[in-house]
Structure formats: C-alpha cells, structure tokens
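Heads up, the thing below is written out as structure tokens.
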Amino acid sequence: MPGLPVDLDACIERLYKRELLAEPVIEAICAKTKELLMRESNVVHILSPVTVVGDIHGQFYDLLEIFRIGGFCPDTNYLFLGDYVDRGLFSVETISLLVCLKLRYPNRVHLIRGNHESRGVTQSYGFYTECARKYGSANVWHHFTDMFDFLTLSVVINNDIFCVHGGLSPSIHSIDQIKIIDRFREIPHEGPMADLVWSDPDAERDEFALSPRGAGYTFGAQVVKKFLEINNFSHILRAHQLCQEGYQVLYDDRLSTVWSAPNYCYRCGNLASVLEVDDSGARFFNVFDQAPENADNRVDQQPVEKAQVEYFL
Amino acid sequence: MSFSMPPPPPTSYPIARDVQTVMPTAVDAGKTITVGTVKITTRKLPILNAQEIETMTERLGIAPPEMIFGNNIVSIEKMGAGGQSEWGIEFNALDALDLVDKTGNDMLKVAYSAAWQKQRERMHEGIKEVVKPFDWTYSTNYKGSVTGAKQFEPTQDQIPLDKLRRQDPILFFDDVMLYEDELADNGMSILSVKIRVMPSRLLLLARFYMRLDDVVFRIRDTRVFVEFEDGVVLREYQEREESYESVETKIPPYRDDKPAIMRDPNQMAEYLPLKSTVTEKLVL
C-alpha cells in the first residue's frame, strides 16, 4: 500500500499467530485505514458472493475458526457487521487483524461500525483496559478509537440486502437519508446514527416503540416491510443481539440476526453462525461451535476446577 | 514492498492456553454432593434458546435479560430417611426475575434519558408507545425459593464469619450464573450464585450487582449458611447502594484500572454502604 511504512503481509502473518504489532505500526495502520475509510460512503454497495459475520467481541480464536470454516482472505469476501472489541480476551488482536485485512484487500473486506466501536463503550466494557494492559499505555486505544469514527454505517449487497449493526431508525425511510449523516464522530446518544447501531427488532409489534430504558427504539413488522418496499430491498441483515442458536430469522424472512461469538464471554454455551450470500443472492447460515483451541483448555478437565475454588465470604 | 503474493493462510495456530472457557457439558448438567442428610446440587447449562425465552417471557410478563441461564440452579436440600426431599432452598433465574418490578414504579432511566427524550419529541412526536415499562435493570430482592413446611423466622444470630474464615478443606465448590445484562451499554446487571461446602458447614452467596453508568450502583446479597451438626440454617439478606457520583470520589484517583474495578462486584462491595440487613433462621 503506497505511503504505508509497514509490510502488511508480514503484519497479517504475525497476527494470525496472535502476536501483537508494535505501537508505531498500529498508529501507521490506523492512520492509513482512516484515509481508506474516509472515501467510503455511509452506504457501501457490494456484490455477492460474500460471507457476513456478526458480533465477535474479541474472541480471536473464534475469528480464526470463522476463516477456517468460511475460507481465508482473499479467497472469500467478508462483510463484518461490527462489535469487534470488548468482552472477549483478545480485542486488540481481533481488531488489528481485521484492520490489516481491510487495508490489504479493501474491496474484499468490509467493516461496519457497531455500538462497541466507540470511546465511551470501550472504556466500560474491556477494550480500554486490555489496550492499557497489553501496551502499558492508552495510546493504542486512542489510535483504534479515532479510526472507529471513520467506519461506515451500512452496506447493501446486490442492491437487495440491507446490512447494519443494530437496526432501523424512525428518522430514516430511504437509504438516501443515511447517506447525509455526518458519521465522522463518536457515536451520539440520539438521532439516526445512534439508532442504526442500537435499535432492536420486536417481533410482537408493528411500529416503532420506545425502550423502557428511556432511550432507544425497537422496530416492528410494518416498519421493516415499509423500509424494504421504499428502498426496493428484500431483506435486512443485522447483528447486535445474542441468540443461543447463533442466528434468528424474523418477520417472514424479511430480517435476520447473525451472531458470530460462540460460547459468548466463554460461558454462555451458545452457538454462532456466519451468513453466506452466494452468487445468486441466496442466503445460507453456516452454524458453528466454539474454536477447538478454546475447548482444548476446558475448565472441567480437572486441575482448573480446584484452582477456581475460593474462600468467599 | 510488493504485494504480488497474498500472505498464505496460517498452517498452524497458537494454543489458547490463557483462555479459560466454561462450555457447559454433561459434566455440569448436575453436580451433587451429600453431607449427612444435606444434599447440594448445582446445574450449569447454556443460555435459553428462542423457544425457551418465549415461554419464560410469557410466564414473567417481561423480556428476560440478554444472557439468561434459565436452566441453571443451585439447591440445598434436607433429605428424609426415605431419600425424599423434606425441605429445600433453590436459586433459579425464573423466580429471581419474577420479583423484578413489573409496574414501572421503580424504573430508573439512563443518564442521558432527559436529553434523549427532548430531542425525540422534537423529531418524532408520533411515537408514544413505550414497550411495557418494567425495571429493566432487573434488580431483584430474591432470597431463594423455599420448599417444605419449615419457615424462616427472624433472628439475632449472625453468620459465624470466624468459622468461615478458617481454611477448612472445600469438598464442593461452584459458581453458577443466573442472568446478566449490559443494560444496552449503560452499565451491567448480573446475578450469580457461589457455593462452597466444607466438612462441617456450607456457605452460599447469591449476589446481584448492578451499575447504571452516571446514575447508581447496587448490590443485593443473600447468604445461606448451614451448620451440618445441629441443622441450623441462617439466611442473611443485605442491600448496598450508592450514587455513581459518590462512588467515583471514593475510588482513589491513582487507581487507573477504575473501569475494571467497576466491573467487579467483589471489589465494589467495599465502596457501597450497607443500607439494610435482615437475618432469618430455621433448624432442619
């Protein structure tokens, strides 16, 4: 890549081995990624075949498992729906690898922003702490979170499948209204940008409803139907919600949730999936269990069980 | 630098030695130990599937938390001579969530709610429907589900901490999650149950921890203590609570791991003042 003073292929090789990159390398890579992302629209149009990946949350070994199941870059095209960091143990390695792959194969790898790609949320849910622990300072966290401000908000596959991290917004009827959002900023608490990374479907309802939390929306069947009609799409594909089966299909196959962190937080026991969209645009969920590396280290294989015992009061 | 050849896919992978995973399996589906006539059982299974969540939602009348371990239990039973259970106390997610306020009277709002509402009213006056209000922080005053005739009575007795501080051998230990929710990135809410069984006694701690960012911290602890020899059961329920603002001033400024502390109920307990304690007793 012109102007990038690092060897991306060497970085990718190291990251596949779960080795950290040096801080100046991260800085250079994030700067270059910003330049690349800046040129992307808020609605990126791509063509199938593509494999769509939901929340990963720092579960690095499970990301490798996804590549083993779905194919490595650049043999397989990937669209990631966000929430790369927080909760899992390897957020730094996960986001480092994804960013290097994006830079190396900009037209074969697409990254959407999730609600965890934000300064506020990553301070509370683990990424900040992990950066500080692994690098001895918060610099790397600053490099990554500054870059997050440039991630796109949505992708449309084959002019037919609308992909976003969370869901729909009452401010958005047509995707043209997404295109005019000023996205180069921290995720705000309110407004269409917040709704896109935040909102959840509610299968019991037809319209938008307010969350009991006092901020945020749920969207119902008629909202989905109308949005698809206005934009001449057939399907909404999103992530954001944990499901035990690894995926969930709602509203007469008009919306799917794809969840890609198996055994979430290393203890939920859930399955995960990636959604493969083939040449013809047909969708297929590839469901998988946690990576065998995680399983190799199972807690119930004796001594660990003893080590966990604590004299709590 | 040249990009003629793509990097080859890796041929070997690092070993995840530092990942501790607890993938529930048959081993966790029912662990049990009996000391004298007291039987202790724990069960750890995956989170509920879509069908089970639907059933639970119907029974509760509210949406369950994001991570719902509805098949997990911790139970303590007094077994009769015929092997039947004469008395028991069980901790499970369904009963804990049934005690969450479903009226909306105890409802907290996220820190930026007022600003959000104002903005929203300007833009979307049409949307008035609120998803059935309930205490979405899932705060519960659950003290366990009791079966059998014997009832707890108020007591002045205290759980004997001196005996519990002794490093007696632990015959059985488990840490069982009942539910967890990230409050849509506004904090965390978590209910888990720990139990340790020693040769002469046992201690169970069901701890609910809730942090609503920029609003409040809350801990609700239920401890169950059983002395095997005389069959004395003590149950202690404590509430701790403090505003976010005041907790922030208590954590020393040199602690740069503040986010990590705020995720850890065990560390947070010392920063939250005790609001109430109720101790009860029964003899098996």
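Those sequence lines, one after another, are chains W and S.
Following UniProt numbering, the numbering of the first sequence begins with 1 at its first residue and continues without gaps.
Following UniProt numbering, the numbering of the second sequence begins with 1 at its first residue and continues without gaps.
Here a beta-carbon is modelled for each residue, glycine too, at the ideal position from N, C-alpha and C.
Per-residue contacts from residue i into chain W (C-beta, under 9 angstroms)
{"i": "arginine 196 of chain S", "result": "Val309, Glu310, Tyr311, Phe312"}
{"i": "glutamine 167 of chain S", "result": "Tyr311"}
Short Cβ contact (8 angstroms threshold) for residue i with residue j
{"i": "glutamate 93 of chain W", "j": "leucine 8 of chain W", "result": "no"}
{"i": "methionine 198 of chain S", "j": "leucine 171 of chain S", "result": "yes"}
{"i": "leucine 271 of chain W", "j": "phenylalanine 285 of chain W", "result": "no"}
{"i": "serine 145 of chain S", "j": "glutamate 90 of chain S", "result": "yes"}
{"i": "valine 258 of chain W", "j": "leucine 242 of chain W", "result": "no"}
{"i": "isoleucine 175 of chain W", "j": "asparagine 139 of chain W", "result": "no"}
{"i": "valine 52 of chain W", "j": "leucine 81 of chain W", "result": "yes"}
{"i": "serine 192 of chain S", "j": "leucine 183 of chain S", "result": "no"}
{"i": "valine 110 of chain S", "j": "asparagine 186 of chain S", "result": "yes"}
{"i": "isoleucine 29 of chain W", "j": "valine 99 of chain W", "result": "yes"}
{"i": "isoleucine 56 of chain W", "j": "aspartate 75 of chain W", "result": "no"}
{"i": "leucine 274 of chain S", "j": "glutamine 238 of chain S", "result": "yes"}
{"i": "proline 244 of chain S", "j": "phenylalanine 69 of chain S", "result": "Sequence inspection shows tyrosine at residue 244 of chain S; the proline mentioned does not correspond to that position. Going by C-beta atoms, tyrosine 244 of chain S is not nearer than 8 angstroms to phenylalanine 69 of chain S."}
{"i": "aspartate 213 of chain S", "j": "serine 124 of chain W", "result": "yes"}
{"i": "isoleucine 187 of chain W", "j": "valine 155 of chain W", "result": "no"}
{"i": "asparagine 72 of chain S", "j": "lysine 39 of chain S", "result": "no"}
{"i": "residue 314 of chain W", "j": "glycine 58 of chain W", "result": "Outside the modelled stretch of chain W, which goes from 1 to 313, sits residue 314 of chain W, for which no answer is possible."}
{"i": "threonine 147 of chain S", "j": "glycine 88 of chain S", "result": "yes"}
{"i": "isoleucine 62 of chain S", "j": "lysine 132 of chain S", "result": "yes"}
{"i": "arginine 18 of chain W", "j": "phenylalanine 60 of chain W", "result": "yes"}
{"i": "glutamate 204 of chain W", "j": "valine 223 of chain W", "result": "no"}
{"i": "serine 260 of chain W", "j": "glycine 54 of chain W", "result": "yes"}
{"i": "proline 169 of chain S", "j": "glutamine 244 of chain W", "result": "no"}
{"i": "arginine 185 of chain W", "j": "asparagine 42 of chain W", "result": "no"}
{"i": "leucine 272 of chain S", "j": "leucine 313 of chain W", "result": "no"}
{"i": "aspartate 157 of chain S", "j": "lysine 281 of chain S", "result": "yes"}
Contact set between residue i and chain W, taken where Cβ atoms lie within less than 7 angstroms
{"i": "glutamine 267 of chain S", "result": "Within chain W, no residue comes near glutamine 267 of chain S; the closest Cβ sits about 13 angstroms away, beyond 7 angstroms."}
{"i": "leucine 205 of chain S", "result": "Phe312"}
{"i": "proline 46 of chain S", "result": "Gln244, Cys268, Gly269, Asn270"}
{"i": "glycine 177 of chain S", "result": "For the sequence presented, residue 177 of chain S should be read as methionine rather than glycine. Correct list: Arg267."}
{"i": "leucine 164 of chain S", "result": "Leu313"}
{"i": "asparagine 49 of chain S", "result": "Gln244, Glu245"}
Assumed close pair residue i, residue j - CB separation to whole angstroms, cut-off 8 angstroms
{"i": "phenylalanine 219 of chain W", "j": "leucine 168 of chain W", "result": "5 angstroms"}
{"i": "valine 247 of chain S", "j": "phenylalanine 217 of chain S", "result": "5 angstroms"}
{"i": "phenylalanine 173 of chain S", "j": "valine 309 of chain W", "result": "4 angstroms"}
{"i": "residue 314 of chain W", "j": "leucine 151 of chain W", "result": "Only positions 1 to 313 of chain W appear in the structure, and residue 314 of chain W is not among them; the question remains open."}
{"i": "valine 215 of chain S", "j": "leucine 108 of chain S", "result": "6 angstroms"}
{"i": "serine 96 of chain W", "j": "isoleucine 161 of chain W", "result": "Actually they are not in contact, since the Cβ atoms of serine 96 of chain W and isoleucine 161 of chain W sit about 29 angstroms apart, beyond 8 angstroms."}
{"i": "threonine 145 of chain W", "j": "proline 259 of chain S", "result": "So it is not a contact: roughly 14 angstroms between Cβ atoms."}
{"i": "isoleucine 195 of chain S", "j": "valine 74 of chain S", "result": "6 angstroms"}
{"i": "threonine 277 of chain S", "j": "glutamate 236 of chain S", "result": "7 angstroms"}
Within chain W, the residues that residue i reaches when beta carbons sit closer than 8 angstroms
{"i": "methionine 67 of chain S", "result": "Leu242, Tyr264, Cys265, Cys268"}
{"i": "asparagine 213 of chain S", "result": "Note that residue 213 of chain S corresponds to aspartate in the displayed sequence, not to asparagine. The contacting residues are Ser124."}
{"i": "isoleucine 170 of chain S", "result": "Val309, Tyr311"}
Chain S residues whose Cβ lies nearer than 8 angstroms to that of residue i
{"i": "phenylalanine 123 of chain W", "result": "In the sequence under discussion, the amino acid at residue 123 of chain W is glutamine, which differs from the phenylalanine named in the question. The contacting residues are Pro259."}
{"i": "tyrosine 84 of chain W", "result": "Those within 8 angstroms of tyrosine 84 of chain W in chain S number zero; the least Cβ separation is about 15 angstroms."}
Amino acids of chain S, ordered along the chain, whose beta-carbon sits closer than 7 angstroms to that of residue i
{"i": "asparagine 115 of chain W", "result": "Asp185"}
Closer than 7 angstroms: residue i CB and nearest the ligand ZN heavy atom
{"i": "glutamine 238 of chain S", "result": "The ligand content of the structure shown is nil, which means the ligand ZN is not present either."}
### Residues, ordered as in the chain, of the segment 247-277 of chain W that lie near chain S by beta-carbon distance below 8 angstroms
Gln248, Asn263, Tyr264, Cys265, Tyr266, Arg267, Cys268, Gly269, Asn270
### Query
Can you list the beta strand (DSSP E) stretches of 3 or more residues lying completely in the segment 159-214 of chain S, in chain order?
172-181, 187-197, 201-212
### Query
Of all the alpha helix (DSSP H) runs that stay within the bounds of the segment 79-163 of chain W, which reach a length of 4 or more residues?
91-104, 119-124, 127-135, 139-148
### 3 or more residues per run - each beta strand (DSSP E) lying fully within the segment 48-107 of chain S
73-79, 85-92
### Query
Going along the chain, which residues of the segment 125-136 of chain W sit with their C-beta nearer than 9 angstroms to a C-beta in chain S?
Tyr125, Gly126, Tyr128, Thr129, Ala132, Arg133
### Message
Closer than 7 angstroms between beta carbons: that is the criterion. Which residues of the segment 19-51 of chain W meet it against chain S?
### Response
none
### Task
Output, in sequence order along the chain, the residues in the segment 178-190 of chain W whose CB is closer than 7 angstroms to any CB in chain S.
His189, Glu190
### Message
Beta carbons nearer than 7 angstroms to chain C: which residues of the segment 134-162 of chain S have them?
### Response
Structure shown: chain C not included; protein chains present are W and S.
### Any beta strand (DSSP E) of 3 or more consecutive residues that is wholly inside the segment 26-90 of chain W
43-46, 50-53, 78-80
### Task
Tell me the start and end of each unbroken beta strand (DSSP E) in the segment 162-245 of chain W that is at least 3 residues and wholly inside, in chain order.
217-219, 235-238
### Query
Which parts of the segment 251-279 of chain S are runs of the alpha helix (DSSP H), unbroken and 4 residues or longer, counting only runs that do not cross its ends?
258-262, 265-268
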